[in-house]
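The structure under discussion appears below in the form of structure tokens.
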Amino acid sequence: MHLGLIGYGAIGQMLQEVLEREGMAPARLTLLARAGSVARVRDALPQARVVDTVAALVAEGPDLVVECAGHGAVRDHVPGLLGAGVECVIASIGALADAGLEAELQRAAQAGGGRLVLSAGAVGGIDLLAALAPSGIETVRYTGRKPPRAWAGSPAEAVLDLHNLTALATFFTGTAREAARDYPKNANVAATVALAGAGFDRTEVALVADPGVTLNTHEVSVRAGAGAFDIRIEGRGAPGNPRTSVATVYALAREVMNRQRARVI
Ligand SMILES: NC(=O)C1=CN([C@@H]2O[C@H](COP(=O)(O)OP(=O)(O)OC[C@H]3O[C@@H](n4cnc5c(N)ncnc54)[C@H](O)[C@@H]3O)[C@@H](O)[C@H]2O)C=CC1
Ligand SMILES: O=C([O-])CC(=O)C(=O)O
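Residues 1 to 265 in UniProt numbering are what the sequence shown lists, from first letter to last.
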């Protein structure tokens, strides 16, 4: 397999390690880095080809591209890849809260034949929620709860003293669209839950900073025509980025490994 990778931060680095450990490292790896990061990534990954434009990545001819870089990378690179017929697995699902970008991705995929795969990322139950959606969704509620330091750099800082928080604080309630737009590094899961089920504007979201937890916790509560479920996931934060659950790395690794297997689950 020839894998293209956009982003070589906490997720990208661990993804590479997991694939190697599992004996499923791609035969070829091409990394799309920001112009200022090319030298750093070349040093860290001498076996990979490193490029800094989407055109150069397309020219390398990857079988699959995995994005783990952020909303801006989805906006800047993924339409071009889909338009060139390249299958893309993305982690930064919240980028689709921008209805214009969601439509652009759809158009590019249809025109070019590339398929856009939304990774389940840090959350679980996406398979069942997406399966139940055609039976009619009554309600979907998502609560994202993280230790205070995982909300650093987000708008939570404006309303909470994250360093001195002594009790849990629900600092955001609203729609998945608002959550994904305002918390681009923390609420991609809210977007994934929304797109699997009731949509961005009917998925209710609460975001919580909780000094009593050490793990990133995701709770999803679904009421649908064919059934209902409540699920709670506790994910360890990545060493290089506490707001990112390590489970996200494994969800992306699963996508890559499934494309190299005769039987997938
Ligand atoms: N779906 C999910 O459950 C989750 C999704 N995410 C998404 O994954 C993203 C990455 O997460 P981490 O690896 O923890 O972040 P990180 O900040 O550790 O790494 C991001 C890397 O991407 C690079 N990058 C940023 N913009 C780029 C661009 N336009 N082109 C190429 N490279 C670019 C940065 O230089 C950095 O090396 C998050 O910003 C978030 O959008 C993160 C956690 C969970
Ligand atoms: O990794 C997590 O726990 C979830 C996350 O950051 C996101 O949804 O963007």
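No residue lacks a Cβ here, since even glycine has one placed at the ideal position from N, Cα and C.
Which residue comes first and which comes last in the beta strand (DSSP E) that contains residue i?
{"i": "V50", "result": "R49 to V51"}
{"i": "T214", "result": "Run containing T214: none; DSSP gives neither H nor E here."}
{"i": "V140", "result": "I137 to K146"}
Can you tell which of the options has its C-alpha closest to the C-alpha of residue i?
{"i": "V256", "options": "D63, T53, A10 and V38", "result": "D63"}
{"i": "A167", "options": "A152, P155 and K146", "result": "K146"}
{"i": "G112", "options": "E102, L81 and P134", "result": "L81"}
{"i": "I233", "options": "A120, D52 and N216", "result": "N216"}
{"i": "G4", "options": "I231, A97, A120 and A56", "result": "A56"}
{"i": "A133", "options": "R202, A253 and A44", "result": "R202"}
{"i": "I231", "options": "G12, F172 and V123", "result": "V123"}
{"i": "M14", "options": "A251, R259 and R261", "result": "A251"}
{"i": "A95", "options": "P46, V213, N186 and G240", "result": "N186"}
{"i": "A108", "options": "T248, V140, A247 and V74", "result": "V74"}
{"i": "G36", "options": "A169, G12, G7 and Q110", "result": "G7"}
{"i": "residue 266", "options": "R115, V193 and G237", "result": "Only positions 1 to 265 of the chain appear in this structure, which leaves residue 266 out of reach."}
{"i": "T30", "options": "E20, A130, E60 and L207", "result": "E60"}
{"i": "L195", "options": "V140, R40, R263 and G144", "result": "V140"}
Helix, strand or coil for residue i? Go by DSSP, reduced to three states.
{"i": "L101", "result": "helix"}
{"i": "R261", "result": "coil"}
{"i": "A224", "result": "strand"}
{"i": "residue 288", "result": "Beyond the ends of the chain as shown, which are 1 and 265, falls residue 288; an answer cannot be given."}
{"i": "P239", "result": "coil"}
{"i": "L160", "result": "coil"}
{"i": "L45", "result": "coil"}
{"i": "G36", "result": "helix"}
{"i": "R107", "result": "helix"}
{"i": "R202", "result": "coil"}
{"i": "R95", "result": "Inspection of the sequence shows that residue 95 is occupied by Ala rather than by Arg. The answer is helix: DSSP assigns A95 an H, G or I state."}
{"i": "G7", "result": "coil"}
Less than 6 Å between C-beta atoms, sequence neighbours within five positions excluded: which residues of the same chain meet that for residue i?
{"i": "P148", "result": "L162, L165, A209 and P211"}
{"i": "A190", "result": "Y142, A176, A179, A180 and V205"}
{"i": "A226", "result": "L132 and S135"}
{"i": "A84", "result": "V58 and G112"}
{"i": "V89", "result": "V66, V117, S119 and E255"}
{"i": "F172", "result": "L207"}
Which residue or residues does DSSP assign as beta-bridge partners of residue i?
{"i": "H77", "result": "According to DSSP, which records beta bridges pairwise, H77 is partnered with nothing at all."}
{"i": "V89", "result": "V66 and V117"}
{"i": "F172", "result": "L207"}
{"i": "H2", "result": "R28"}
{"i": "E234", "result": "T217"}
{"i": "F229", "result": "V222"}
By the DSSP assignment, the alpha helix (DSSP H) with residue i in it spans what residues?
{"i": "T248", "result": "V246 to N258"}
{"i": "G12", "result": "A10 to R21"}
{"i": "N188", "result": "N188 to A196"}
{"i": "A150", "result": "Looking at the DSSP string, A150 is not in any alpha helix (DSSP H), and its letter there is neither H nor E."}
{"i": "A131", "result": "I126 to L132"}
{"i": "A59", "result": "V54 to E60"}
Please determine whether the Cβ atom of residue i lies at a distance below 7 Å from any heavy atom of ligand 4.
{"i": "R202", "result": "With respect to ligand 4, the structure shown offers nothing to examine, as its ligands consist of ligand 1 and ligand 2."}
Would you verify that the beta carbon of residue i is, or is not, closer than 8 Å to some beta carbon of chain C?
{"i": "E87", "result": "The structure shown has no chain C; it contains just one protein chain."}
Excluding the five sequence neighbours on either side, which residues of its own chain have a C-beta within less than 8 Å of the C-beta of residue i, listed in chain order?
{"i": "A27", "result": "M1 and H2"}
{"i": "G9", "result": "C68, A69, G240 and N241"}
{"i": "R34", "result": "D52"}
For residue i, I'd like the list of residues in its chain whose CB is within less than 7 Å of its CB, leaving aside the five on either flank, ordered along the chain.
{"i": "A97", "result": "R177, A180, R181, A191 and F200"}
{"i": "F229", "result": "G125, L128 and V222"}
{"i": "R259", "result": "M1 and L64"}
{"i": "H71", "result": "S92, G94, A95 and P184"}
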